[in-house]
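Numbering (the UniProt record's numbering), first residue to last: 1 to 553.
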């Protein structure tokens, strides 16, 4: 999509009132049906009706819209149903369309269109398709997602998925499943889990397996690489879309660590698009803060433009949050520590080659500190890193904590926490920051951190040094090098003329006890650590959260 088109879409979605004087002409263009793809015009009509639902034009040809839902392009079908959902006869239209489309004919030349229509019905009129949901799911899984009849060794990025019918059908199938989960959020927990569990399992599997879950047994051909690129990206987008709904937060457990694969994907388009989507979701406070640490996996990004823009985005977010007396960016450190401690590469090297293991982990920590650490928040960052050593990893079996000696997967959390403490202190010393004791007390997120087994265990962990002295020496050198070889800041000497000394009566200096330790005045506020999945907003999602086709592309 060209930047001009993207801007136009964004502008009209936020200011549809500019279409008031043109709505009659737009309706006429839709009704004319000259054989061209009318997606953009239909999109404009929908956004207008979304803002002004009581102004549904009587001139709109509903029969034509129903035909678009059956035989138009997938995008036309989507907006045809969205427009019809604003009409007074939406139930009749939804029933008529679903009766025609179901059961799904996997051999139909309009298969992608039919999947798009059903996916949209799950969003706008779920009652029209929910009774057939089981049959729809079976057909989608067996005939579309687990089959491939396209043979290709091309790994060139596919810019327009609409030109690849098979791939487009698979991506639309993921959209269908995501919309069905969204439509179930107003039901009881049992119904929600019945629908949500297999969908989340599918999305996580696609990300973990690089977008390919197809067995090559039988007549199936290996999935083309450029197809798998698009599918794992679509799965990641689907997870971010579902993350906007707070009621689904329990599905985003330790499995979300797989999103780091997308940030560090082998394909630059996957990396760039996912990072930008992630940033947009965080900027608009649409998803939980638990997703913020994944941004710092850009530390290994070879594209200097993307890495630089991400650094600028983090610094901008930090400044904005500081203006709101929020420590959202700083407290993401404890989640980043947890993520790194579960990195397979780190765990493998920790026992056999600890020096390389810490260098590997330090790369992420240093990038985080380059973006976040300032003189005014250094004490908070150090406090958060030290707090980690007062908790257990709640995602690890408690039985492992009873073993002696403890396995590396248990001690890894404390190793990374200690690495962060070392790095923060080194940066403070390097930049001549004064680091005072953080005056508050924060609790760490309960989805990944749990209480110690006993006070003796807590004392033992806190007092133990996990990084040996010789490794610390190497890490300090590495930290200084990665911070650009900056020299310690030293104030230049000030020349003074000799003056006659005069004794003066001394008075006790006035101390303002209310002056905060931080310029942002956070210390004068009561800080509440936001627990699992909680945001300042409710994180809910509805049809008002309209999302472009690019959400799954």
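Ideal Cβ placement from N, Cα and C applies to all residues, glycine included.
Identified DSSP bridge partners for residue i
i, result
"residue 450", "392"
Reference residue i, options the options, closest by Cα
i, options, result
"residue 116", "198, 79, 151 and 139", "79"
"residue 214", "334, 56 and 170", "170"
"residue 385", "360, 413 and 396", "413"
"residue 199", "141, 168 and 254", "141"
"residue 71", "111, 415, 40 and 47", "111"
"residue 361", "346, 352 and 353", "346"
"residue 354", "25, 466, 232 and 226", "466"
"residue 438", "378, 61, 451 and 195", "378"
"residue 82", "370, 49 and 99", "49"
"residue 97", "344, 266, 184 and 69", "69"
"residue 456", "256, 391 and 164", "391"
"residue 480", "398, 406, 363 and 417", "363"
"residue 478", "311, 440, 427 and 454", "427"
"residue 330", "352, 370 and 350", "370"
"residue 575", "212, 307, 447 and 168", "Residue 575 lies beyond the residue range present for the chain, which begins at 1 and ends at 553; the question has no answer from this structure."
"residue 266", "93, 407, 422 and 211", "211"
"residue 230", "103, 242 and 268", "268"
"residue 46", "435, 35 and 23", "23"
"residue 368", "21, 293 and 160", "293"
"residue 147", "167, 309 and 398", "167"
Alpha-carbon to alpha-carbon, residue j and residue i
i, j, result
"residue 261", "residue 348", "18 Å"
"residue 288", "residue 252", "10 Å"
"residue 545", "residue 281", "For residue 545, the predicted structure reports a pLDDT of 43, less than 50, and the residue's modelled location is therefore unreliable. The matter cannot be settled from this model."
"residue 19", "residue 44", "8 Å"
"residue 33", "residue 130", "31 Å"
"residue 15", "residue 291", "30 Å"
"residue 53", "residue 77", "20 Å"
"residue 388", "residue 223", "43 Å"
"residue 420", "residue 365", "7 Å"
"residue 114", "residue 55", "28 Å"
"residue 247", "residue 429", "44 Å"
"residue 327", "residue 340", "21 Å"
"residue 639", "residue 278", "With the chain running from 1 to 553 in the structure shown, residue 639 is simply not present."
"residue 174", "residue 376", "45 Å"
"residue 125", "residue 463", "59 Å"
"residue 145", "residue 136", "12 Å"
"residue 122", "residue 133", "9 Å"
"residue 74", "residue 151", "24 Å"
"residue 191", "residue 139", "21 Å"
"residue 259", "residue 208", "8 Å"
"residue 372", "residue 108", "53 Å"
"residue 411", "residue 101", "55 Å"
"residue 276", "residue 283", "10 Å"
"residue 530", "residue 483", "With a pLDDT of 34 at residue 530, under the threshold of 50, the modelled position of this residue cannot be trusted, and the question is left open."
"residue 431", "residue 313", "23 Å"
"residue 193", "residue 297", "31 Å"
"residue 532", "residue 459", "Residue placement at residue 532 cannot be trusted, given a pLDDT of 31 that sits under 50; the coordinates are not used to answer."
"residue 158", "residue 95", "35 Å"
"residue 189", "residue 286", "22 Å"
"residue 61", "residue 162", "26 Å"
"residue 197", "residue 234", "18 Å"
"residue 383", "residue 440", "9 Å"
"residue 195", "residue 58", "38 Å"
"residue 451", "residue 396", "12 Å"
"residue 105", "residue 172", "15 Å"
"residue 165", "residue 249", "33 Å"
"residue 554", "residue 307", "A query on residue 554 cannot be resolved here, the shown segment of the chain reaching from 1 to 553 and no further."
"residue 156", "residue 149", "18 Å"
"residue 40", "residue 435", "56 Å"
"residue 228", "residue 403", "42 Å"
"residue 338", "residue 51", "43 Å"
Expected contact under 8 Å - CB spacing of residue i and residue j to nearest Å
i, j, result
"residue 273", "residue 301", "13 Å between Cβ atoms; not a contact."
"residue 27", "residue 38", "About 11 Å separates the two Cβ atoms, so there is no contact after all."
"residue 555", "residue 220", "Given a span of 1 to 553 for the chain in the structure shown, any question on residue 555 remains unanswerable."
"residue 381", "residue 333", "6 Å"
"residue 350", "residue 415", "7 Å"
"residue 394", "residue 449", "6 Å"
Short CB-CB distance (under 7 Å) between residue i and chain B
i, result
"residue 247", "Within the model displayed, chain B is absent; a lone protein chain is all it includes."
Residue i: CB within 6 Å of a non-hydrogen atom of the ligand SAM
i, result
"residue 411", "With respect to the ligand SAM, the structure offers nothing, as it holds no ligand at all."
>> If contact is defined by three or more beta carbon pairs under 8 Å, each pair taking one atom from either stretch, is the region 85-103 in contact with the region 50-67?
In response: yes
> Should the region 107-124 be called in touch with the region 176-185, which here means at least 3 C-beta pairs below 8 Å?
Replying inline: Judged by Cβ distances under 8 Å, the region 107-124 makes contact with the region 176-185, as three or more pairs qualify.
>> Counting beta carbon pairs with one atom in the region 235-242 and one in the region 203-218, are three or more of them shorter than 8 Å?
In response: yes
>> Within 8 Å, do at least three Cβ pairs link the region 351-358 to the region 464-476?
In response: yes
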